[in-house]
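Encoded as structure tokens, the structure appears first; notes follow it.
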């Protein structure tokens, strides 16, 4: 997975035990307030620290939010692509891997949506979203499709480059509308969009 460029760190002493507290507070603040409304004062209050403690580690709101997204992604652990031996089996495994639609997933959806518009004008946030949020499902689905090509289930002449981003676009549209990206929805996308488009013979 591509690595997001590390943010520039402010000089000074730093207590590493505060990092997780501040990053968790950042995610909660963005989920509740959105990126634009959240201030460093809000963040300091939620984390129970002085604002100077945050600036000692991150020089801007964009940098601490980007690091919070990385913190969340690290907590999920690796995301290997399934390899059941068939495309159908791999797609079923992807559906089974979708987490239950809990409060934590709702909050992360809100974080992604809250940061998305700001990412258009902040390259640090854009890199965090692309490298840490979007690239993981993109690469998992592409690995599944590439294995199916190797097995002969998908024509090697089929152009699959846009298919993972098509799925991501549908997911983001779903989140914006406030509906869950749950197993029922993922099953529909994989069965009604991915499978037909991937296996249709090229023109």
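Residue numbers (our numbering): 1184 to 1386.
Glycine included, every Cβ here is placed at the ideal spot set by N, Cα and C.
Since we're looking at a predicted model, the values are computed, not measured.
Write down the C-beta distance between residue i and residue j rounded to the nearest angstrom, noting that I regard them as a contact closer than 8 Å.
| i | j | result |
| --- | --- | --- |
| residue 1315 | residue 1251 | Between residue 1251 and residue 1315 the Cβ distance is about 10 Å, and since that is not below 8 Å, they are no contact. |
| residue 1341 | residue 1379 | Wrong, their Cβ atoms sit about 12 Å apart, outside the cutoff. |
| residue 1212 | residue 1226 | 6 Å |
| residue 1307 | residue 1253 | 11 Å between Cβ atoms; not a contact. |
| residue 1223 | residue 1296 | That belief does not hold up - the Cβ atoms of residue 1223 and residue 1296 are roughly 21 Å apart, past 8 Å. |
Does chain C have any CB closer than 8 Å to the CB of residue i?
| i | result |
| --- | --- |
| residue 1330 | Structure shown: chain C not included; a single protein chain is present. |
According to DSSP, simplified to helix, strand and coil, what is residue i?
| i | result |
| --- | --- |
| residue 1303 | coil |
| residue 1241 | coil |
| residue 1337 | coil |
| residue 1382 | helix |
| residue 1221 | coil |
| residue 1374 | helix |
| residue 1297 | helix |
| residue 1283 | coil |
| residue 1262 | coil |
| residue 1257 | helix |
| residue 1365 | coil |
| residue 1343 | coil |
| residue 1247 | helix |
| residue 1228 | helix |
Locate the alpha helix (DSSP H) running through residue i, then write down its first and last residues.
| i | result |
| --- | --- |
| residue 1349 | 1346-1359 |
| residue 1205 | 1201-1216 |
| residue 1324 | 1318-1334 |
| residue 1277 | 1270-1279 |
Confirm, please, whether the CB-CB distance from residue j to residue i is below 8 Å.
| i | j | result |
| --- | --- | --- |
| residue 1278 | residue 1351 | no |
| residue 1293 | residue 1214 | yes |
| residue 1241 | residue 1291 | no |
| residue 1270 | residue 1331 | yes |
| residue 1364 | residue 1265 | no |
| residue 1281 | residue 1362 | no |
| residue 1208 | residue 1239 | no |
| residue 1317 | residue 1298 | no |
| residue 1319 | residue 1262 | yes |
| residue 1267 | residue 1337 | no |
| residue 1237 | residue 1205 | yes |
Which word fits residue i, buried or exposed, when buried means at least 16 other C-beta atoms lie within 10 angstroms of its C-beta?
| i | result |
| --- | --- |
| residue 1245 | buried |
| residue 1375 | exposed |
| residue 1219 | exposed |
| residue 1347 | buried |
| residue 1187 | Bear in mind that the predicted position of residue 1187 carries a pLDDT of just 43, short of 50, making it too unreliable to give a figure here. |
| residue 1345 | exposed |
| residue 1356 | exposed |
| residue 1273 | buried |
| residue 1303 | exposed |
| residue 1301 | buried |
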